[in-house]
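Here is the structure we will look at, set down as structure tokens.
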Amino acid sequence: MLRETGYAVVAIGLMAATAVHANQNVLELQDNPEYWATQLGNYQGHRFSQLDQINRDNVQELRSVWQFSTGVLRGHEGGPLYVGDGRLYIHTPFPNKVFALDLEDEGRVIWSYEPVQDSRVIPVMCCDTVNRGLAYADGRLFLGQADNTLIALDAESGELLWEANNGDHTIGESNTMSPLVVHDKVIVGISGGEYGIRGHLSAYDVETGEMVWRGYSTGPDDEVLIDPETTLMLGEPVGEADLGVTTWPEGEWERGGGAPWGWITYDPELDLIYYGTGNPGTWNPDQRTVDGEPADNKWAITIFARDPNTGEAKWVFQKVPFDEWDYDGVNENQLIDIEFEGEERKALAVIDRTGFGLLMDRETGELLVAEKFAPETNWADSYDLETGRPVVNEEYSTFRQGVDVNTTNICPTAMGAKNMQPSAYSPNTGLIYAGINRICMNYEPYETEYIAGQPYVGATLTMMPAPSHNGSMEGRTGSFIAWDPVAGETVWEVDERFAVWSGALATAGDLAFYGTLEGHVKAVDLETGEELWRFKTPSGVIGNVNTFMHEGKQYVAVLSGVGGWAGIGLAAGLEDPEEGLGAVSVFGALGDYTKLGGVLTVFALPD
Amino acid sequence: MMVFKRSPLFAALAAILLASTALASEPGDYVVEDGKVDPSTYEGYLVYTRACMACHGPDGLGSSFAPNLIQAAERLGWAEFAGTIAAGREIQPGQVMPSFADDPYVMGNIPKIFSYMLARGEGGLGRGRPQIIESMQEETEEAADAGEDGNEAAEE
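From first to last, the protein sequence lines stand for chains A and B.
Numbers 0 to 606, taken from numbering that gives the first Met the number 0, label the letters of the first sequence in order.
Numbers 0 to 155, taken from numbering that gives the first Met the number 0, label the letters of the second sequence in order.
Here's what the structure looks like:
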């Protein structure tokens, strides 16, 4: 009895200590180049590794050392975590299994965890039952289940420590994103922008799972956690109150989407988290006008900089006011320190869904650069850096063209010139390495009615390969690029048959890694993009390539398993727009190259 | 005339379908001429693209998420095709077809979706948005009026 009490006292002491140091632990782990402790490699979202055991000169020798089948067929996004304990922690799409695998014993299962979930959540997961992975801090793993349950597991044993309810699938809410631990909070968003949900980002106590704050993407300022006097927009106070209400037709903000389902990054010095919100509810822009005129629909498709302690918005930037193309603004905000016009700037770079590469000041939210990384982009000609607004091209405005009118050849497609696949940034080269999509679309809005829990879309779209340009691969739907975020220029570009839907990795070994939808993992020369190595995994790669070192050996690991929106849209192939309607010839049917099935592949150099 | 041999669900379904398809011909009827179609089958393309494509892929061809519906329509036949849309189906854990029973737009247009699928299969209709046969064009106005309101499963 006495002994048990003693343990309890010790346990309470430990809990108090971990609450204070949770963030410190993540910081220490991510500063150790041997670990891969967060999905994006570090808080800043760099997906860069200092390891150089595997490098430009020896990567040809890289080989698979073991593989592990997850037993789940759906699209496998995210990647393995390594925190120095000899194990890899991986997850799967629905049913969201979690595995601790022994790195020293060819992936033997040390423990596994499988939550019990209501399978009725599956039909409200619009684009496959994907999940972007685990977060780790202080001996705990955190997972956002498809059914909106956020859980904490003991990393040692796989035991469930707590669970919290973050949403309701009967009104169309679901979860696909990876949480992020900052201080003593685990922060997570929500999916369901196609079901008329009202997006939110929420922080939970790492110890107890109790909600600490929630910031909505739409609605009154006190629920969005905006103070119009102090929250900045392009460096100036927002000024006007409740723009999250007044920039919508009556009540539409309540089903205004803005789902933050992408990645969160964090600046420990400024103590700010950064993330983007998704599309504004229905895809039919006509239903989001005020007095028949375009309205901003704030704060959909917006970058938020928030205080992680309280959720208060420090600054906001709406990338696409009055969306007419489903250009979700959720892409990762990479925090990079650069020289801009002779000055050192704390900057934020986005390879955006819209086809524009943005560079912003991450302290003030000022827009510094906005240039097209996908030259086919035509919905807007440019951004006005003063107003922060895109200069929209009428010809491709689905609102101006009208309801029940099929606006054709808009680039990029609603999938975006880049979707969720996270980019890499090398501080050595100052360049961003990104897998991108080269797909355009026809988009026809139609009147739709909101029914809770039912799709709330209101546009029909069909897709085709983007037009090729000088020397590009005919009919290609993807590329891997090196992007200069300051100059706003592509440095090199490698075309791929299919959209590149895998997260990139850059290393100090002068290599960049990425996966293809056919299932190749590739290593290319960081300087030129020249392919140096490839390996064919059993299925298409939409996961992220991660690297780490254990017992002096560098490993590269990736989840393969095709799916996601890429798998849905590309399985049957896209029609060649040049061939006309009903054409027989089809570009790149992904289904001819790969089928479903999740596998973890771990690579290393021979001994 | 439609014949339903199965459960009360089908009887209920039959009532809905009969009410909403007074203008249409038999479920599964279609006309394909030189890659063009009758207005009802064209409407079927629109409904499919709005409500089904997000999972079943473009032009009924299936995806990494849900099966080819052209083959499914031919294999299942009218009654089971319509019944699956109405009642949904759990094929296996992790693979679920939702019920569209609460979606009047889809429920009212199942015969047209079925026609479009058969046109795509045995009818040899190609991919993409078909055109309407000119001599049947007048009917389009009525079809468009009937099909304006609706929902669609879609993408993130």
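The beta-carbon is built from N, C-alpha and C at its ideal position, and this holds for glycine as well.
- Check the Cα spacing between A:GLY85 and each of A:VAL561, A:LYS552, A:GLN400, A:GLY477: the tightest is with A:LYS552.
- Contact annotation, B:PHE113 with B:GLY27: C-beta distance approximately 5 Å; criterion of less than 8 Å satisfied.
- Around the CB of A:ASP290, fewer than 16 other CB atoms lie within 10 Å, so the residue is classed as exposed.
- For B:HIS55, the enclosing alpha helix (DSSP H) starts and ends at 52–55.
- By the Cβ test, the stretch 366–374 of chain A is in contact with the stretch 481–488 of chain A, since at least three Cβ pairs between them sit closer than 8 Å.
- Chain-ordered, the chain A residues with CB closer than 7 Å to the CB of B:GLY56 read ILE567, ALA570, ALA571.
- Taking A:PHE534 as the centre and dropping the five residues before and after it, the same chain places the C-beta of VAL520 closer than 6 Å to its C-beta, in chain order.
- Neighbours of B:PRO97 in chain A, taken as residues whose beta carbon is under 7 Å from its own, are PRO122 in chain order.
- Assignment of A:THR428 by DSSP, reduced to helix, strand and coil, places it in the coil class.
- Shown in chain order are the members of the stretch 71–103 of chain B whose Cβ falls below 7 Å from a Cβ of chain A: GLU89, PRO92, GLY93, VAL95, PRO97, ASP101, ASP102.
- In the structure shown, A:TRP298 adopts coil according to DSSP, grouped into three states.
- The contact set of A:GLY74 on chain B, defined by CB atoms closer than 9 Å, consists of SER63, PHE64 in chain order.
- Secondary-structure assignment with DSSP links A:MET414 through no beta bridge to anything.
- Between B:ALA53 and chain A, the shortest Cβ-Cβ separation is below 8 Å.
- Restricting attention to alpha helix (DSSP H) runs no shorter than 4 residues, the stretch 269–343 of chain A encloses none.
- Scanning A:PHE141, A:GLU155, A:GLU172 for the CA closest to the CA of A:TRP161 turns up A:PHE141.
- For A:TYR112, the closest of A:GLY157, A:GLY83, A:ASN330, A:TYR382 by C-alpha to C-alpha distance is A:GLY157.
- Taking 8 Å as the threshold, the shortest C-beta distance from B:ARG126 to chain A falls below it.
- Identification of residues in the stretch 54–70 of chain A having a C-beta nearer than 8 Å to some C-beta of chain B yields an empty set.
- If you compare the alpha carbons of A:SER559, A:VAL598, A:LEU595, A:ASN545 with that of A:TYR34, the shortest gap goes to A:ASN545.
- Using a 10 angstroms sphere on the CB of A:ASN427, the tally of other CB atoms stays under 16, which defines it as exposed.
- Restricted to the stretch 42–78 of chain A, the beta strand (DSSP E) segments that are unbroken, complete and at least 3 residues in length are 62–68, listed in chain order.
- Shown here, A:PRO421 sits in coil according to DSSP, grouped into three states, outside any helix or strand.
- When the five nearest sequence neighbours on each side are left out, the beta carbons in the same chain lying within less than 7 Å of the beta carbon of A:ILE121 are those of PHE93, THR128, in order along the chain.
- A:HIS199 sits in a strand when the DSSP states are folded into three classes.
- For A:THR148, the uninterrupted beta strand (DSSP E) segment begins and ends at 148–153.
- Beta-carbon to beta-carbon, A:GLY387 and A:LEU366 are separated by about 5 Å, close enough to satisfy the 8 Å threshold.
- A direct Cα-Cα distance of roughly 6 Å separates A:ASN283 from A:ALA458.
- Note on the stretch 70–108 of chain B: whole beta strand (DSSP E) runs with a minimum of 3 residues are 88–91, 94–96, in chain order.
- The Cβ atoms of A:THR276 and A:GLY328 sit closer than 8 Å to each other.
- Within chain B, the residues placing a beta-carbon under 7 Å from that of A:GLU574 are ARG126, GLY127, ordered along the chain.
- Among the residues of chain A, none has a CB under 8 Å from the CB of B:THR40; the nearest is roughly 13 Å distant.
- For a cut-off of 8 Å, the C-beta gap from A:PRO444 to A:THR407 is around 13 Å, too long to register as a contact.
- Residues of the stretch 405–421 of chain A with a Cβ closer than 8 Å to any Cβ of chain B, in chain order: ASN405, ALA413, MET414.
- At a Cβ-Cβ threshold of 8 Å, A:PRO267 and A:VAL244 do not count as neighbours.
- Not one beta carbon of chain A lies nearer than 8 Å to the beta carbon of B:LEU117.
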